[in-house]
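Asks: Residue numbers for the sequence shown, in this note's numbering: 1248 to 1572.
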Amino acid sequence: MNRSLRRFALAAGCVLFAGQLMAEPKRPECIAPASPGGGFDLTCKLAQSALVNEKLLTKPMRVTYMPGGVGAVAYNAVVAQRPADAGTLVAWSSGSLLNLAQGKFGRFDETNVRWLAAVGTSYGAIAVKSDSPYKTLDDLVQALKKDPSSVVIGSGGTVGSQDWMQTALIAKAAGINPRDLRYVALEGGGEIATALLGGHIQVGSTDISDSMPHIQSGDMRLLAVFAEKRLDEPEMKDIPTAREQGYDIVWPVVRGFYLGPKVSDEDYAWWKDSFDKLLASEDFAKLRDQRELFPFAMTGPELDTYVKKQVADYKVLAKEFGLIQ
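Now the structure itself:
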């Protein structure tokens, strides 16, 4: 083989090799770091459907569940045990970033994974059973003022979690010490809904996307949603905001995915390109809307910058509540 042909063959081989590196993962999996039925589950299943619908994957990703620490167990497992597994996506939310800000993921911080995509946002909400005596957010606040320990509040995670922070902000605005509130720590929105409908808690600090199936069935009501203004969806337009009830609290819940820290640049680029195509699709927008999520699209370096700024902002908030030094 002459030198020119050898160079051509080598170049062709390199192109072929690069194409293989950027091929569709063989066993794609999405880890929802909580029990089935909550926001992480919703996020994984949204991507599971959309990636196949857009023909970006030839077969649906498996959705698996890894509850524990509202994301901590999954984060540690991927970073320590599956750092280079290009087929494994893990769902994250704003609550994950709040926990990272407080060091709740152990020895790992926000720099230890590859932030891939944010695909939508929901908003925090305060839920009660449909027959609850609390009809407004102020009804709940007055009960808490009278006796903070008289109301059992279910939240995803312990003190300092996103759900805890929502009620802590209400308490602070009402002049109540958040530490006096009575919490039951649960593992995500699915468990909160189960506990609330089963009568084990009286109030659920959750988010609107987790709650809507139960709202539509008539089993649950929302006292408030932590959005800037009422949400422009037919089934949501009658849900009052906390702000309009005199509590100036807004809490978006961004949702997305990350990959292990040692996933190759080529494989990361394949996923980023796939999500860029997905997020530009009208069909994906419809799927997102069906799952009660609102537009929020960000990938790659832009998302990495966003995540790190959010973690820094949450650290400031956590310090205000005495959660970190």
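Note that CB positions come from ideal geometry on N, CA and C, so glycine has one too.
For the beta strand (DSSP E) containing A1279, list its first residue and its last residue.
Replies: Segment 1276-1279, the beta strand (DSSP E) holding A1279.
Asks: With a Cβ-Cβ cutoff of 8 angstroms, do G1507 and R1329 count as a contact?
Replies: A contact, by the Cβ cut-off of 8 angstroms.
Asks: Leaving out the 5 sequence neighbours to the left and right, which residues in its chain are closer than 6 angstroms to D1288 when beta-carbon positions are compared?
Replies: Hits under 6 angstroms: A1279.
Asks: Pull up the distance between the alpha-carbon of D1466 and that of A1270, whole angstroms please.
Replies: Going from the Cα of D1466 to the Cα of A1270 covers about 45 angstroms.
Asks: In chain order, what residues of the same chain have a beta carbon less than 8 angstroms from the beta carbon of K1566, not counting five sequence neighbours either side?
Replies: Closer than 8 angstroms at Cβ, skipping near neighbours: Q1572.
Asks: Given a cut-off of 8 angstroms, decide if A1324 and M1313 are closer than it, judged by their beta-carbon atoms.
Replies: Result yes, Cβ atoms of M1313 and A1324 sit closer than 8 angstroms.
Asks: Whose C-beta lies closer than 8 angstroms to the C-beta of K1524 among residues of the same chain, with five residues either side of it excluded?
Replies: Within the same chain, K1524 has close Cβ partners E1301, L1303.
Asks: Could you name the residues of the same chain whose beta carbon sits closer than 7 angstroms to that of Y1553, not counting the 5 residues immediately before and after it, in chain order?
Replies: Here the set comprises M1545.
Asks: Using the rule of at least 16 other Cβ atoms within 10 Å of the residue's Cβ for burial, across every protein chain shown, is G1403 buried or exposed?
Replies: The residue is buried, with at least 16 neighbouring Cβ atoms inside 10 Å.
Asks: I'd like to confirm the pairing. Which residues does DSSP put opposite Y1370 in its beta bridges?
Replies: For Y1370, which the question treats as bridged, DSSP gives the partners P1499.
Asks: How many angstroms separate the CA atom of T1453 from the CA atom of G1436?
Replies: In a straight line, the C-alpha of T1453 is about 6 angstroms away from that of G1436.
Asks: Go to L1336, then tell me how far its alpha helix (DSSP H) extends in each direction, as first and last residue.
Replies: Segment 1335-1340 is the beta strand (DSSP E) holding L1336; no alpha helix (DSSP H) there.
Asks: Go ahead and label Q1537 buried or exposed: buried means 16 or more other beta carbons lie within 10 angstroms of its beta carbon, across all protein chains shown.
Replies: Result: exposed.
Asks: Is it a yes or a no for the region 1361-1372 touching the region 1290-1298, going by three-plus beta-carbon pairs under 8 angstroms?
Replies: They touch, by the three-pair rule.
Asks: Between which two residues does the alpha helix (DSSP H) harbouring L1289 extend?
Replies: It spans 1286-1300 - the alpha helix (DSSP H) in which L1289 sits, taken as one unbroken run.
Asks: So G1437 is in the alpha helix (DSSP H); what residue range does that whole segment cover?
Replies: Taken as a continuous stretch (DSSP letters only), the alpha helix (DSSP H) holding G1437 covers 1436-1444.
Asks: Considering only the beta carbon of each residue, do A1418 and F1568 sit closer than 8 angstroms?
Replies: Not closer than 8 angstroms, so no.
Asks: Suppose you measure from the CA of L1550 to the CA of V1501; what does that come to, to the nearest Å?
Replies: Roughly 11 angstroms separates the two Cα atoms.
Asks: Taking Cβ positions, are P1272 and G1334 nearer each other than 8 angstroms?
Replies: Yes, these two residues count as a Cβ contact at 8 angstroms.
Asks: Figure out for me which residue from V1558, A1532, K1556 has the closest Cα to the Cα of A1294.
Replies: The shortest C-alpha separation from A1294 is found at A1532.
Asks: Go through the region 1342-1429 residue by residue and report every complete run of the beta strand (DSSP E) that reaches 3 residues or more, in order.
Replies: Segments of the beta strand (DSSP E) lying fully in the region 1342-1429: 1361-1376, 1399-1403.
Asks: Tell me M1313's beta-bridge partners as DSSP assigns them.
Replies: DSSP output for M1313 lists no bridge partner at all.
Asks: Hey, would you say G1286 sits closer than 8 angstroms to Q1349, going by beta carbons?
Replies: No; because the gap between Cβ atoms is not below 8 angstroms, this pair is not in contact.
Asks: Please identify the residue among L1347, K1393, A1420 whose C-alpha is closest to the C-alpha of Y1561.
Replies: Per the Cα distances, L1347.
Asks: In chain order, what residues of the same chain lie with their CB nearer than 7 angstroms to the CB of T1358, ignoring the 5 residues before and after it?
Replies: Within the same chain, T1358 has no close Cβ partners at all.
Asks: Here's the rule I'm using: 16 or more other beta-carbon atoms within 10 Å means buried, otherwise exposed. How should V1563 be labelled?
Replies: The residue is exposed, with fewer than 16 neighbouring Cβ atoms inside 10 Å.
Asks: Do you know whose CA, among D1356, A1421, G1401, T1405, lies nearest V1574's CA?
Replies: With the chain represented from 1248 up to 1572, any question about residue 1574 goes unanswered, as that position is not in the structure.
Asks: May I have the straight-line CA-CA distance separating R1429 from K1484, to the nearest angstrom?
Replies: For R1429 and K1484, the distance between alpha carbons rounds to 30 angstroms.
Asks: Which one or two residues does DSSP pair with R1468 in a beta bridge?
Replies: According to DSSP, R1468 bridges with V1375.
Asks: Can you tell me where the alpha helix (DSSP H) holding D1536 begins and where it ends?
Replies: Here the alpha helix (DSSP H) through D1536 covers 1529-1537.
Asks: Measure the C-alpha to C-alpha separation of L1268 and E1539 and round it to an integer number of angstroms.
Replies: Legend: pLDDT at L1268 = 44, less than 50; position of this residue unreliable, value from coordinates given subsequently. Roughly 35 angstroms between the two C-alpha positions.
Asks: Can you tell me where the beta strand (DSSP E) holding G1451 begins and where it ends?
Replies: G1451 -> beta strand (DSSP E) spans 1450-1454.
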